[in-house]
Structure formats: structure tokens, C-alpha cells
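J.: One structure, pasted below without further comment.
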Amino acid sequence: MADPNKDRPSEPGGIEKKTLHVYDGDLQEEDNQLPNWWLWLFYGTVTFGVIYWLVVHDMRIADLPDEAYRKEVAAMQAAEAKKLGASTVTNDSLLAMSKDAVLVKAGKDVFMANCVACHKADAGGLVGPNLTDAYWIHGGAPEQIYHSVHDGYLDKGMPAWGAQIGEEKVRQVVSYVLTLKNTNVPGGKAPQGDKE
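What follows is the structure in C-alpha cells.
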């Protein structure tokens, strides 16, 4: 059989093609050289993969993305707690927040996202108590409402929202709830607890 590569001209750019097999006289399987840019990209990808494995998984010099995310969130929460920790929660500070329209609006958004399942959108009470009347199970003073929201009462079905939504949002939702007191929405749940 004759050598199919004999007297074969090279391709443009000086890349030489070599025929490996000839089938039925017309079909030729050629050994084409890959472009250098593709080879460098391939070698770079393999090198990066090996280095990433060693640095992140084997030697643990860097964190995995989910661990880095958890650390970043923890740092943000610590900074928020430090910022808000300077201002202690008092009846006066919470009442002042309830007079700030921006904070009350933010608190309403938090309420609508987290509290309506138990207290209804109008806060008239569903599974949870009516927040618009003068009766409060755990006290209706601003600090008492704050502790009810922040720490919860798991035995009565009230989750501790402080760990879930953060200090700032707890204060915002308390400022909103304070604006609801004694508004007595129509069709609200029957009074529960003691009258304030």
C-alpha cells in the first residue's frame, strides 16, 4: 500500500497533517495538531484544578466557598450586633423608633414576610394572638414585645426571631407592632392575656 503522506503539501500556517488511515480509497483519518492556544488553555485548566485541590481540599489553606460564605455572614452579623449593641433596648428607644416612618415601614415589610402566617396581614390574629387590641399574653410594654419577638416562646409556638432575622429587623418589626396597639381591627381574634 502506498504512503498517503508522500508528496502531501502542508496546510496554511505550516501545520502539517498526517494521514493515519485510508478507508475505501476516499475516506482519510488525519492526525491534526491542536492549536497552541487550546493546548495552553487545557494545560492551564488542569494545573489550576490540581492547585485548587491541594490548596482548598488537601492542605486547607483556603476555605471552601460555602465555608467562606458562612464566615462572611457571621462577620456581618457580629458587626451589626456591635453597632446595635451600643444602643441598648429600652422602652423609650423602641417608642422613639415607632415614631420613625422609615423604620415602621421597614418593620411592616418584615412583618409581612415573616409574621402574617400566625398573626394575619392586618395583625388581627390567626394562630397567634391579636396584636391590635389592648390584651397581651406576655406583656405589651415595648421591651416585653421586643423580648417576645427576639427570644420567642417555643412552648406556645412563638419562634425566636432574633437568631433568624437579626437584631435590626427585630427592632424594626417591634416598632411596627407598637403602631398597631389599640387599633382594634374589625374581625380580630378574641382577646388573650391581660389588659394593658
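Count along the sequence shown starting at 1, add 1183, and that's the number in the working numbering.
Ideal placement from N, C-alpha and C gives every residue a C-beta, glycine not left out.
Quantities reported herein were computed from a predicted structural model and do not represent experimental measurements.
1) Starting from the C-beta of glycine 1349, find all residues in its chain whose C-beta is less than 7 Å away, skip the five residues before and the five after it, and write them out in chain order.
2) Am I right that leucine 1437 and leucine 1361 are in contact with their C-beta atoms under 8 Å? What's the rounded C-beta distance?
3) Give the straight-line distance between the Cα atoms of leucine 1314 and lysine 1291, rounded to the nearest whole angstrom.
4) Which two residues bound the contiguous beta strand (DSSP E) that contains glutamate 1213?
5) Any idea which residues DSSP pairs tryptophan 1319 with across the strands?
6) According to DSSP, is valine 1205 part of a helix, a strand, or is it coil?
7) Considering only DSSP beta bridges, list what methionine 1341 is partnered with.
8) Give me, in chain order, the residues of the same chain whose beta-carbon lies closer than 8 Å to that of aspartate 1334; leave out the 5 immediate sequence neighbours on both sides.
9) If you draw a straight line from the alpha carbon of proline 1312 to that of glutamate 1255, how long is it in whole angstroms?
10) Can you have a look at aspartate 1316 and say buried or exposed, based on whether 16 or more other CB atoms are within 10 angstroms of its CB?
11) Return the Cβ separation of aspartate 1377 and tyrosine 1318 in integer angstroms, given the expectation that the two are a contact with Cβ distance under 8 Å.
12) Spatial neighbours of glutamine 1355 within its chain, please: CB distance less than 6 Å, with the 5 preceding and 5 following residues excluded, ordered by chain position.
13) Let me make sure I understand the geometry here. Which of Gly1340, Tyr1329, Asp1246 and Pro1369 has the alpha-carbon closest to that of aspartate 1305?
14) How about glycine 1322 and glycine 1371: do their beta carbons lie closer than 8 Å?
15) Under 8 Å, Cβ to Cβ, is there at least one residue of chain C near leucine 1314?
16) Determine the DSSP secondary structure at isoleucine 1244, reduced to helix, strand or coil.
17) Could you work out which residue in Pro1325, Glu1351, Tyr1329 and Gln1347 is closest to glutamate 1379 when comparing CA atoms only?
18) Compare the beta carbon distance of valine 1272 and tyrosine 1359 with 8 Å and say whether it is the shorter of the two.
19) Go ahead and label methionine 1280 buried or exposed: buried means 16 or more other beta carbons lie within 10 angstroms of its beta carbon, across all protein chains shown.
20) Considering just the uninterrupted stretch of the alpha helix (DSSP H) at serine 1155, what are its terminal residues?
T.: A quick look at the data gives this:
1) Cβ neighbours of glycine 1349 beyond the five flanking positions: Gln1260 and Glu1263.
2) What is shown of the chain runs 1184 to 1379, which leaves residue 1437 out entirely.
3) 13 Å
4) Element bounds for glutamate 1213: 1210–1214.
5) In the DSSP assignment, tryptophan 1319 forms a beta bridge with Asp1377.
6) strand
7) Methionine 1341 is bridged by DSSP to Tyr1336.
8) Within the same chain, aspartate 1334 has close Cβ partners Ala1343 and Gly1345.
9) 37 Å
10) buried
11) Indeed, because the Cβ distance is near 7 Å, the residues count as touching under 8 Å.
12) Result list for glutamine 1355: Leu1286, Ala1289, Gly1290 and Val1293, in chain order.
13) Residue Pro1369 is the option with its Cα nearest to aspartate 1305.
14) no
15) Note that chain C does not occur in the displayed structure, where there is just one protein chain.
16) Residue state, collapsed to three classes: coil.
17) Pro1325
18) no
19) buried
20) Residue 1155 cannot be examined here, being either before or after the span of the chain that is shown, 1184 to 1379.
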